[in-house]
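Contents: one structure, followed by commentary.
Numbering (my numbering), first residue to last: 57 to 210.
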């Protein structure tokens, strides 16, 4: 009986620990490569390390819209996104780093479907680790109503 009680206490503690995870929704609109590398890629890794040290973890959603689409398309020439020579030279590297955020930190990337149409971005031209959502507003509202802290990267 004592063993069963101990197992239940441990399981309840683990369930409670999962509930303590911090949550952030990143409103990503920037077209600035330095901000993508510094504030998003390095920032998510840094903040995850911080919250992992507290055994709480960090649950992150990134809502993509504005001028940030270009960082998540396979071929920018097939879109109305502005050409960016600096990004184009590093596109493969940036895509790999962004995908590692999904693998290493379970970051969820969500792209605004409304803006995709305006930028003439087709679903098959979006990197595989990105989910298409109806609109950025829907993603931001849903996340904030689910308790995610709002973090802008403009």
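Positions of the beta carbon are idealized from the N, C-alpha and C atoms, including for glycine.
> Can you list the beta strand (DSSP E) stretches of 3 or more residues lying completely in the segment 81-109, in chain order?
Replying inline: none
> Straight-line CA distance for residue 164 to residue 155?
Replying inline: For the purposes of this step, residue 164 is identified with residue 108 of the chain shown, where counting begins at 1. For the purposes of this step, residue 155 is identified with residue 99 of the chain shown, where counting begins at 1. About 10 Å.
> What residue does the alpha helix (DSSP H) around residue 194 start on, and which one ends it?
Replying inline: Looking up residue 194 in the chain shown gives position 138. Boundaries of the alpha helix (DSSP H) harbouring residue 194: 192-201, taken from the DSSP string.
> With which residues is residue 114 paired in a DSSP beta bridge?
Replying inline: Position 58 of the chain shown, counted from the first residue, corresponds to residue 114. Bridge partners of residue 114: 78.
>> Per the DSSP calculation, residue 164 is bridged to which residue(s)?
In response: Counted from its first residue, the chain shown places residue 164 at position 108. Looking at the DSSP assignment, residue 164 forms a beta bridge with 117.
>> Just to confirm, is the Cβ distance from residue 87 to residue 144 under 8 Å?
In response: Start at 1 with the first residue of the chain shown, and residue 87 comes out as number 31. Start at 1 with the first residue of the chain shown, and residue 144 comes out as number 88. The answer is no: Cβ separation not under 8 Å.
> By Cβ distance, which residues of its chain are closer than 7 Å to residue 210, with the 5 residues on each side in sequence left out?
Replying inline: One-based indexing of the chain shown puts residue 210 at position 154. The residues are 85 and 86.
>> Are the CB atoms of residue 117 and residue 126 within a distance shorter than 8 Å?
In response: Your numbering for residue 126 matches position 70 in the chain shown. Your numbering for residue 117 matches position 61 in the chain shown. Contact: no.
> Should residue 150 and residue 119 be called a contact, given that it needs their Cβ atoms to be closer than 8 Å?
Replying inline: On the chain shown, position 94 is the one that residue 150 refers to. On the chain shown, position 63 is the one that residue 119 refers to. Cβ atoms of residue 150 and residue 119: not closer than 8 Å.
>> Considering only their Cβ atoms, is the gap separating residue 80 from residue 205 smaller than 8 Å?
In response: The sequence position of residue 205 within the chain shown is 149, counting from 1. The sequence position of residue 80 within the chain shown is 24, counting from 1. Yes, they are a contact pair.
>> Can you tell me whether residue 64 is buried or exposed? The criterion is at least 16 other CB atoms within 10 Å of its CB, across all chains shown.
In response: As a position in the chain shown, residue 64 is number 8, starting the count at 1. Model confidence at residue 64 stands at a pLDDT of 42, short of 50, so the residue's coordinates are unreliable; what they give is reported in the following sentence. Answer is exposed; the Cβ neighbour count stays below 16.
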